[in-house]
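Asks: If you scroll down you'll find the structure; I have some questions about it.
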Amino acid sequence: MQQVPFNFNASKNLEILSKTAFLTTHRAGKTNIMVTAWGAIGVMWKLPVFVAMVRKSRYSYKLIEKTREFTVTFPYTDLSKVASVCGQSSGRDVDKLALTGLSTRPAHQITTPVLDVPGMHLECSVIYARLMSAEKLNSAIQELWYDRQSNDYHAFFVSQILDSYITP
């Protein structure tokens, strides 16, 4: 493991994020993996942050609301088959680790583990959360990504990056 600044390999990690990264949650002995392609890395309130976008209907949303933490993995190996399985299943119904054959390793600063895959990992603690609303959303984005009837908007979890490192 190699400790690195949160913005290490920024271009590479943003490219991975735009396709598929993984957000991991953990509560009461149960670990869940969610595929994420929406998020942001930056600085807010002079803190390194990752902003995760998670729909309110997702199992991960409920876990983050309760634990106020998660990890993010930018895989440096092809996990497209894993992403497909994780994207088609809910952690409410299945154990995605068992289903995909993935394992985890303990995090350093939080209780949620990181995926045991080559890549960069962020350990995140939520410092602010906000649910999106239709009234403030650009109409073109609304039409493209959301169904007003379902009211299934994303929540923004602004999270302090407590640790960042690369595993081989």
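FYI, the numbering for the sequence shown is 207 to 374, going by the working numbering. Think of the CB as a built atom: it goes at the ideal place given N, C-alpha and C, for glycine as much as any other residue. Computed from a predicted model, the values in this text were never measured in an experiment.
1. For ASN219, does the three-state DSSP call read helix, strand or coil?
2. What runs of the alpha helix (DSSP H), each 4 residues or longer, lie entirely inside the region 225 to 297?
3. Rounding to the nearest angstrom, what Cα-Cα distance links ASN344 and TYR359 in this structure?
4. Which residue marks the beginning of the alpha helix (DSSP H) containing SER345, and which one marks its end?
5. Assuming THR306 is part of the beta strand (DSSP E), what are its boundary residues?
6. Could you check how far apart the C-beta atoms of THR277 and ARG233 are, in whole angstroms? I think they sit under 8 Å.
7. Does the distance from the C-beta atom of LEU305 to that of VAL291 stay below 8 Å?
8. By DSSP, does ALA335 sit in helix, in strand, or in coil?
Replies: Here's the rundown:
1. It is helical.
2. With a minimum length of 4 residues, the continuous alpha helix (DSSP H) runs that stay inside the region 225 to 297 are 265 to 273 and 286 to 294.
3. Rounded to whole angstroms, ASN344 to TYR359 spans 13 Å at the Cα level.
4. Element bounds for SER345: 345 to 351.
5. No beta strand (DSSP E) contains THR306, which is instead part of the alpha helix (DSSP H) from 302 to 306.
6. The beta-carbon distance between THR277 and ARG233, rounded to whole angstroms, is 13 Å. This is too long to meet the 8 Å contact definition.
7. Taking 8 Å as the Cβ cut-off, LEU305 and VAL291 qualify as a contacting pair.
8. Three-state result, ALA335: strand.
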